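Presented below is the structure to which this report refers.
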Amino acid sequence: MSTPVLVADAPVLAEKRAHHNVTFAILAVGGMSLAVLQSLVAPALHVIQLELDTTTTGATWVLTAFLLSASVATPILGRLGDMFGKKRMLVIALCAVAIGTFVAALASSLELLVAGRVIQGLGGGAFPLAMAIIRDEFPPDRVASGVALISAILGVGGGLGIVLAGPIVDHLSYHWLFWLPGVAVSVAAVGAFLFVPESPIRTPGRIDWWGAVLLSGWLVALLLGLSQGAAWGWTSARVLGLFAVAVVVAVCWVVVEARTREPLVDMRMMRLRGVWSTNAAGVLIGAGMFGSFILIPQLVQMPTSTGYGFGASVTEAALYLLPSSLAMLVLSVVAGRLATTVGPRVPLVLGSLVTASSFAWLTAAHGSPLEIYVGTALLGAGMGLAFSSMANLIVESVPREQTGVATGMNTITRTIGGSLGGTLSAVIVTSSLSASGLPDERGFTLAFGISALAVAGAALAALAAPRRAR
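Counting with our numbering, you get residues 193 to 662 for the letters of the sequence shown.
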């Protein structure tokens with residue numbers, strides 16, 4: 193592993209740290225816009241399907257393409273940031289997101305829309321880069337709270353995207369799902385170029401291209417199999433073949449990374465308790481969060497004739513997730529303070545348990561709007577604690593020069609978990625149909641129950657993390 197190099201002297205660094213509030217504001221705008229783009233299209237997929245005259249599977253690629261691209265680009269951008277400067281890579285990432293949003297906004301065909309989403313996903317590395325910038329540039333007593341807030345933006349933005357999608361589509365068109373975030377990301381890119389200080393830390397070296405290719409290969413195969421499993425059949429040759437390819441390529445990737453002098457992802461770093469335990473929790477918590485984005489809007493939109501649905505519109509359905517976003521924002525601040533005093537493991541365990549309790553509540557109580565609101569508020573509170581704590585635990589567990597790569601890998605695990613959770617939730621619900629052809633209530637109950645068990649598993653994984661990483 194190359195030795196990190198300091199490229200800025202102490203006086204310059206001190207001057208840069210004096211502007212950390214401006215830096216945070218820019219990082220927050222860019223991060224929120226990117227987080228919104230992750231989930232904004234989910235409630236509008238049916239509208240996009242009709243507008244572009246495509247199939248349900250085709251429309252799903254609008255969501256899947258972003259996740260695939262972000263999963264591949266995130267660790268690469270994290271490594272490039274450690275090598276060439278985190279600010280430089282952040283500006284490039286935000287520019288990619290802006291270009292992708294404008295391509296998607298102008299798209300009149302499914303192919304062009306998917307291409308725009310792929311370009312947007314290339315900016316997925318903005319989150320780990322933002323966390324690394326906070327660690328390098330913020331005063332030590334502000335690092336934990338800064339990382340906690342930026343991390344919480346991922347969950348808050350995801351919920352906010354769901355909430356905003358309905359009014360935007362109802363009163364404008366689905367094209368504005370991209371125009372509005374595109375403007376915000378463009379402002380953030382310009383602000384980052386002008387005001388965000390460049391990190392003084394460099395880790396000279398080379399890009400592990402073989403590692404990048406193999407990482408891309410197994411992630412694409414895995415996420416493609418997960419996203420298309422319902423359409424192609426989970427036991428079909430194509431899906432099973434993709435899973436087999438993912439396993440084989442993943443094994444090859446681990447072997448190559450273990451033998452490479454300067455790997456894209458250091459497998460020795462992955463052996464650290466604070467890293468592997470946090471990433472395991474990230475998969476399960478990500479599955480729960482994206483599963484809720486599928487389950488809750490679909491449940492409340494079911495017609496009242498089913499005996500359990502509320503007959504809500506797209507806009508009304510989105511509002512049921514508003515308590516989740518608000519609670520997540522508030523509890524992320526609490527998580528940062530707890531991380532400073534007792535370490536990040538405590539709020540991670542607590543957040544996982546609260547999130548699991550929210551799904552347990554929804555398993556038993558989802559027959560009235562009030563019960564849904566209580567469930568989503570608990571969900572947001574747990575996610576706010578957990579997401580913020582994962583970032584701080586990762587930051588504490590690795591050397592400073594590996595912050596970008598480590599936080600990037602944690603973002604990947606949450607993305608993989610989100611793909612798995614969202615897909616499996618939809619499969620469980622649609623596998624139990626009533627005589628009318630609509631999902632049966634038992635499907636929702638089962639999906640909520642499985643989500644509760646999965647997130648409870650995240651609490652067990654978090655218990656394996658050290659109280660204080662270092």
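Heads up, the beta-carbon is just placed ideally off N, CA and C, and yes, glycines get one too. Since we're looking at a predicted model, the values are computed, not measured.
Neighbourhood of residue i by C-beta distance below 6 Å, restricted to the same chain and skipping five residues each side
i: Gly567; result: Ser550, Trp553 and Leu554
i: Thr599; result: Pro320, Met323 and Ile586
i: Pro203; result: Note that Pro203 scores 43 on pLDDT, short of 50, meaning its location in the model is unreliable and no value can be drawn from it.
i: Ser482; result: One detail in the question is off: residue 482 reads as Phe in this sequence, not Ser. These residues qualify, in order along the chain: Gly610, Gly613 and Gly614.
i: Gly503; result: Pro495 and Thr496
i: Ser643; result: Gly480, Gly483 and Phe551
i: Ala569; result: Pro515 and Ala519
Distance, residue j Cα to residue i Cα
i: Ala573; j: Gly349; result: 14 Å
i: Leu341; j: Met575; result: 12 Å
i: Arg334; j: Gly383; result: 21 Å
i: Arg634; j: Ile564; result: 16 Å
i: Leu414; j: Asp362; result: 34 Å
i: Asp458; j: Glu588; result: 16 Å
i: Trp401; j: Leu456; result: 8 Å
i: Ile620; j: Ala509; result: 20 Å
i: Pro495; j: Ala450; result: 54 Å
i: Trp445; j: Gly559; result: 47 Å
i: Leu242; j: Val447; result: 46 Å
i: Ala651; j: Ser365; result: 41 Å
i: Arg659; j: Lys278; result: 29 Å
i: Leu314; j: Thr256; result: 13 Å
i: Gly425; j: Val431; result: 7 Å
i: Ala556; j: Ala285; result: 43 Å
i: Leu625; j: Phe276; result: 53 Å
Beta carbon of residue i nearer than 8 Å to that of residue j
i: His212; j: Pro332; result: no
i: Leu540; j: Ala578; result: yes
i: Cys287; j: Ala381; result: yes
i: Ala357; j: Leu369; result: yes
i: Leu476; j: Gly353; result: no
i: Gly613; j: Ala479; result: yes
i: Pro267; j: Ile604; result: yes
i: Leu269; j: Gly222; result: no
i: Gly499; j: Glu454; result: no
i: Ile488; j: Leu513; result: yes
i: Ala262; j: Thr595; result: no
i: Val388; j: Ile326; result: no
i: Gly338; j: Leu302; result: no
i: Val377; j: Ser225; result: yes
i: Gly501; j: Leu511; result: no
Secondary structure of residue i, DSSP reduced to three states
i: Ile218; result: helix
i: Ile393; result: strand
i: Leu205; result: With a pLDDT of 46 at Leu205, under the threshold of 50, the modelled position of this residue cannot be trusted; read the value that follows with caution. Of the three classes helix, strand and coil, the one that applies to Leu205 here is helix, per DSSP.
i: Leu523; result: helix
i: Leu625; result: strand
i: Pro591; result: coil
i: Pro658; result: coil
i: Pro631; result: strand
i: Trp426; result: coil
i: Ser505; result: coil
i: Ala644; result: helix
i: Asp274; result: helix
i: Ser378; result: helix
i: His212; result: helix
Own chain residues within Cβ distance below 7 Å of residue i, not counting five before or after
i: Ala531; result: Ala336, Ala340, Pro539, Ser581 and Asn584
i: Val441; result: Leu406, Gly409, Trp410 and Ala413
i: Val254; result: Val233, Leu237, Ile240, Leu305, Val306 and Arg309
i: Thr547; result: Ile477, Gly480, Leu571, Gly574, Met575, Ala578 and Val647
i: Ile218; result: Ala380, Gly383, Ala384, Phe387 and Val388
i: Gly474; result: Met582, Asn602, Thr605, Arg606 and Gly609
Which listed residue (the options) has its alpha carbon closest to that of residue i
i: Ile486; options: Ile218, Ala227 and Ala234; result: Ala234
i: Ile311; options: Ser391, Ser300 and Ala290; result: Ala290
i: Gly308; options: Phe294, Gly317, Ala472 and Gly478; result: Phe294
i: Ser391; options: Gly223, Val306 and Leu282; result: Leu282
i: Leu616; options: Gly425, Gly559 and Ala639; result: Ala639
i: Pro536; options: Leu260, Val467, Gly480 and Val264; result: Val467
i: Ala656; options: Ser343, Leu464 and Leu630; result: Leu464
i: Val355; options: Leu545, Ser560, Ser505 and Ile608; result: Ser505
i: Ser343; options: Leu542, Val534, Leu645 and Gly528; result: Gly528
i: Ala297; options: Gly250, Trp371, Leu518 and Lys279; result: Trp371
i: Gly258; options: Val228, Leu244, Gln493 and Arg280; result: The sequence shown places Phe at residue 258, not Gly. That would be Val228, whose Cα lies nearest to the Cα of Phe258.
i: Thr215; options: Ala299, Phe385 and Ser231; result: Phe385
i: Leu545; options: Phe636, Asn602, Ala654 and Val525; result: Ala654
i: Thr470; options: Ala251, Ser231, Ala627 and Asn602; result: Asn602
i: His367; options: Ser428, Thr507 and Leu244; result: Leu244
i: Asp274; options: Leu260, Arg280, Thr395 and Pro359; result: Thr395
i: Ser300; options: Thr246, Ile360 and Ala265; result: Thr246
Cβ shell of residue i (< 8 Å), same chain only, five flanking positions each side left out
i: Val437; result: Gly409, Trp410 and Ala413
i: Gly641; result: Phe551, Ala552 and Thr555
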